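Right, one structure below, let's go through it.
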Amino acid sequence: MIEIEQAEAQLSELDLLASMFPGENELVVNDQLALAELKDCIEKRTMEGRSSKVYFTINMNLEVSEEAMVTFSLTCILPFKYPAVVPEITVRSVSLSRSQQTQLNSDLTAYLQQNFLGDVCILNATDWVKEHASGYISRDTTASPAPESTVQPVDLTLTRLWIYSHHIYNKCKRKNILEWARELALSGFSMPGKPGVVCVEGPQSACEEFWSRFAFTYFVCCVNNFSTKQDARDIEISTSLGCILWGFSLKSVDKTELVYVSITPLT
1 MIEIEQAEAQ
11 LSELDLLASM
21 FPGENELVVN
31 DQLALAELKD
41 CIEKRTMEGR
51 SSKVYFTINM
61 NLEVSEEAMV
71 TFSLTCILPF
81 KYPAVVPEIT
91 VRSVSLSRSQ
101 QTQLNSDLTA
111 YLQQNFLGDV
121 CILNATDWVK
131 EHASGYISRD
141 TTASPAPEST
151 VQPVDLTLTR
161 LWIYSHHIYN
171 KCKRKNILEW
181 ARELALSGFS
191 MPGKPGVVCV
201 EGPQSACEEF
211 WSRFAFTYFV
221 CCVNNFSTKQ
231 DARDIEISTS
241 LGCILWGFSL
251 KSVDKTELVY
261 VSITPLT
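Using UniProt numbering, you'd call the opening residue of the sequence shown number 1 and step up by one each time.
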């Protein structure tokens, strides 16, 4: 019964968020299949058959100064036991450096764990971001160019991302791959089956966002650290399940699920 109550709390919070963020692309449910499974389990009063976590994104335009509006995206994944455990929330913005983004997400997680463990808290997370996000953008900006000039080098770095998955069958997830590519203005192709292959090309930031969504949705590889050195040939990725970096270096491999990732700068 506790699991049913947790599922009902998740669905009720989603309904509340939909009313709080009614604008186009303000609230985007990234995995419709997971939402359908959640509703079906609540209706049948059983958690059997639920395989995917609810995954959605909240996009907010925040005024960080009198002259500037900045878009922040909160990628939210609700664990099956949420709200008994805190949600997985990642805040992103092109105006944040890597260190700023890491610090913001760390502070947000600590805030939620200290104040809302056991309660639904996505709306509280959005309020916290609205109140504190501008402070992270203003950090590390001494003697730095304007925000536009700091973002341009990232967006002008073209990258090709190859993903070799053990399999890609699910129609909903195949549809997600195509929609993400269109949304992020990436070119490439997707080959479903066993194995499954995905190749996308475009700005480095867009490729990183595509990989982040793919990893969250498929739960095959959790990227905890991504860094590209100046020569753009030394790629470092830490994973919890293990992966192979095709063409670069061999990492630990989980025997139940193999994912090959190749990230190649285009010169």
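Where is the CB? At the ideal position from N, CA and C, for every residue including glycine. Since this is a predicted model, take the numbers as computed values, not measurements.
Expressed to the nearest angstrom, what Euclidean distance is found between the alpha-carbon atoms of aspartate 15 and isoleucine 122?
Taking the first residue of the sequence shown as 1, we reach residue 15 at position 15. Taking the first residue of the sequence shown as 1, we reach residue 122 at position 122. C-alpha separation (whole angstroms): 12 Å.
Cα separation between threonine 150 and threonine 102?
Counting from 1 along the sequence shown, the entry for residue 150 is found at position 150. Counting from 1 along the sequence shown, the entry for residue 102 is found at position 102. Any reading at threonine 150 must be qualified, since the residue scores a pLDDT of 41, below 50, and its modelled position is unreliable; no value is offered.
Going by DSSP, what residues sit across from phenylalanine 56 in a beta bridge?
By one-based count along the sequence shown, residue 56 stands at place 56. In the DSSP output, where bridge partners are listed per residue, phenylalanine 56 has Val29 and Cys76.
What are the residues that DSSP puts in a beta bridge with isoleucine 168?
On the sequence shown, residue 168 is found 168 positions in, with the first residue counted as 1. Beta-bridge pairing links isoleucine 168 to Gly193.
Quick one: what does DSSP say arginine 182 is sitting in, helix, strand or coil?
Locating residue 182 in the sequence shown gives position 182, where the first residue counts as 1. Of the three classes helix, strand and coil, the one that applies to arginine 182 here is helix, per DSSP.
Which residue wins for smallest C-alpha separation from glutamate 209, given the options Thr159, Cys172, Leu104 and Pro87?
By one-based count along the sequence shown, residue 209 stands at place 209. It is Thr159 whose Cα lies nearest to the Cα of glutamate 209.
Quick check: the Cα distance between histidine 167 and glutamate 66, rounded to an integer number of angstroms?
Within the sequence shown, the letter at position 167 stands for residue 167. Within the sequence shown, the letter at position 66 stands for residue 66. Straight-line Cα distance between these residues: approximately 49 Å.
Thinking asparagine 59 and serine 73 are a contact (beta carbons under 8 Å), I'd like their distance in whole angstroms, please.
Taking the first residue of the sequence shown as 1, we reach residue 59 at position 59. Taking the first residue of the sequence shown as 1, we reach residue 73 at position 73. Correct: roughly 5 Å between the Cβ atoms.
List the whole-angstrom C-beta distance separating isoleucine 42 from glutamate 8, where the pair is believed to meet the contact cut-off of C-beta under 8 Å.
Taking the first residue of the sequence shown as position 1, residue 42 is located at position 42. Taking the first residue of the sequence shown as position 1, residue 8 is located at position 8. That pair is a contact at about 6 Å.
Measuring only the C-alpha atoms, how far is glutamate 48 from threonine 75?
Within the sequence shown, numbered from 1, the residue matching residue 48 stands at position 48. Within the sequence shown, numbered from 1, the residue matching residue 75 stands at position 75. Computed Cα separation, rounded: 26 Å.
Less than 8 Å between the CB atoms is what I'm expecting for proline 195 and tyrosine 169, so what's the real figure, rounded?
The residue labelled residue 195 in the question sits at position 195 within the sequence shown. The residue labelled residue 169 in the question sits at position 169 within the sequence shown. Not confirmed; about 11 Å, so no contact.
Around the Cβ of asparagine 117, are there at least 16 other Cβ atoms within 10 angstroms (buried) or fewer (exposed)?
The count along the sequence shown starts at 1 and reaches residue 117 at position 117. Checking the sequence shown, residue 117 turns out to be leucine, not asparagine. Label assigned to leucine 117: exposed.
Are the CB atoms of valine 91 and leucine 104 within a distance shorter than 7 Å?
The residue you call residue 104 lines up with position 104 of the sequence shown. The residue you call residue 91 lines up with position 91 of the sequence shown. Going by C-beta atoms, leucine 104 is nearer than 7 Å to valine 91.
In three-state terms, what does DSSP make of methionine 69?
Indexing the sequence shown from 1 puts residue 69 at position 69. In the structure shown, methionine 69 sits in a strand (DSSP, three-state: E or B).
So, for lysine 81: in the same chain, excluding its five sequence neighbours on each side, which residues have a beta-carbon less than 7 Å away from its beta-carbon?
As a first step, residue 81 must be located in the sequence shown, where it is residue number 81. If we look at lysine 81 and ignore the five residues flanking it on each side, its Cβ neighbours are Gln6.
With proline 79 and lysine 39 assumed to form a contact (beta carbons below 8 Å), what rounded beta-carbon distance in angstroms separates them?
For the purposes of this step, residue 79 is taken as residue 79 along the sequence shown, with counting starting at 1. For the purposes of this step, residue 39 is taken as residue 39 along the sequence shown, with counting starting at 1. Not quite, the Cβ-Cβ distance comes to about 18 Å (not below 8 Å), so this is no contact.
Can you name the residues that DSSP bridges to valine 64?
The residue you call residue 64 lines up with position 64 of the sequence shown. Answer is none; valine 64 lacks a bridge partner.
Cβ atoms of asparagine 30 and threonine 71: under 7 Å apart, would you say?
Taking the first residue of the sequence shown as position 1, residue 71 is located at position 71. Taking the first residue of the sequence shown as position 1, residue 30 is located at position 30. No, Cβ-Cβ distance for threonine 71 and asparagine 30 is not below 7 Å.
Taking 7 Å as the cut-off, decide whether the C-beta atoms of valine 86 and glutamine 113 are in contact.
As a first step, residue 86 is located in the sequence shown; it is residue number 86 there, counting from the start. As a first step, residue 113 is located in the sequence shown; it is residue number 113 there, counting from the start. Cβ distance < 7 Å, so valine 86 and glutamine 113 count as in contact.
Quick check on this structure: which residue in Ala125, Ala133, Ile89 and Asn124 has the alpha carbon closest to the alpha carbon of leucine 96?
Stepping through the sequence shown from its first residue, residue 96 is reached at position 96. It is Ala133 whose Cα lies nearest to the Cα of leucine 96.
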